[in-house]
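Peer 1:
Numbering (full-length UniProt numbering), first residue to last: 1 to 346.
(1) Indicate whether residue 268 and residue 223 have their beta-carbon atoms separated by less than 8 Å.
(2) Since residue 349 is in the beta strand (DSSP E), which residue starts that stretch and which ends it?
(3) What does residue 36 pair with, by DSSP beta-bridge criteria?
(4) Just tell me which of 165, 262 and 18 has its CA closest to the CA of residue 209.
(5) Give a yes or no on whether 8 Å exceeds the smallest Cβ distance from residue 239 to chain B.
(6) Measure the CB-CB distance between residue 227 and residue 263 and report whether it falls below 8 Å.
(7) Considering Cα atoms alone, identify which of 180, 192, 49 and 259 is closest to residue 207.
(8) Nearest to residue 17 by CA position, among 211, 61, 233 and 260, is which residue?
(9) Buried or exposed: where does residue 253 fall if 16 or more other Cβ atoms within 10 Å of its Cβ makes it buried?
(10) Name the two residues that bound the continuous alpha helix (DSSP H) containing residue 174.
(11) Any contact between the stretch 242-251 and the stretch 282-290? By contact I mean 3 or more CB pairs, one from each, below 8 Å.
(12) Taking the beta carbon of residue 218 as the centre, do at least 16 other beta carbons fall within 10 Å, making it buried, or is it exposed?
(13) Alpha carbon to alpha carbon, how far is residue 51 from residue 45?
(14) In whole angstroms, what is the alpha-carbon distance linking residue 163 and residue 12?
(15) Comparing C-alpha positions only, which one of 265, 214 and 270 sits nearest to residue 232?
(16) Do residue 236 and residue 193 come within 8 Å of each other at the CB atom, strictly closer than that value?
(17) Just reading off the alpha helix (DSSP H) that residue 226 is part of, what are its end residues?
(18) Run through DSSP, which three-state label would residue 164 get?
(19) Need the endpoints of the alpha helix (DSSP H) that residue 237 sits in, please.
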């Protein structure tokens, strides 16, 4: 692969290779074995038995067909070895121009690791969960729809409280930060502000799976609340401040994220006019958070001033001591004859 590529581009290329040449399209396990027969690359899954042919139009397919690997083997395998310790060309399962009319399809000429390389097979199987899922080929809108349906079905089945399952699915679709936007729609309704915002308290642990220590996820959560308030504006707009305060009290959204949201209304989730209207209703709680932040800053400054005053006092003491010592050093003693004597010379 030539050229200069950033990390994202390299990741995309690697993901494409894994999908086309490593994963089984039937069971999605990375346990395929490749073999070359009749100028085609055959792949067979050792996990489920599915067999298929690799697309020859891919540049890597062309390279594999033109440049079959030389596989090192143990010297004890005399029947497989030629003079330089490599497998003979016919033993690779790659036909030369003179072999095209012969039939060797039944030979087990593949590139799968031998049994003594079983640990490597286990290692390959272990990357299964790290491999890009086929759903990631879909657009972000399609994946958001999939995740939303997953959340809705979980609520209908009564498993919406399983935060780990929800987070795992969001991570699989690479939507964990955006998931709170969907959860706000699925978990909450027009009764969110009732009974001391009981809905927020009830789903606190689920939401913390997504928003804990993640400012972007918290911003999506606030965006979801904006959409919820807009959807039930008559009921929820007057209670907007109570809802935002509950998100703060339950650690779902941190002070920094809420203040940033209040300082810059956005049209990303609702209209900018609507966003400003919601922020205006939340001004009491925003003011309270700002004042609390200022008090904390004042306390820190006060502590710094006390430390400075202590240092200043100590410095003054040292300065006075230095003056006394300097004055003492200048004192001269006179003899009876009136001759001055420097004390340091005595």
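The beta-carbon is built from N, C-alpha and C at its ideal position, and this holds for glycine as well. Treat the numbers as computed from the prediction; the structure is a model and nothing was measured.
Peer 2: Once the coordinates are examined:
(1) yes
(2) With the chain covering only 1 through 346, there is no way to say anything about residue 349.
(3) 41
(4) 165
(5) As a matter of chain content, chain B is missing from the structure shown, which is built from one protein chain.
(6) no
(7) 180
(8) 61
(9) buried
(10) Taken as a continuous stretch (DSSP letters only), residue 174 belongs to no alpha helix (DSSP H), as it is neither H nor E.
(11) yes
(12) buried
(13) 6 Å
(14) 29 Å
(15) 270
(16) yes
(17) 215-231
(18) helix
(19) That residue, residue 237, is in no alpha helix (DSSP H); it is neither H nor E in DSSP.
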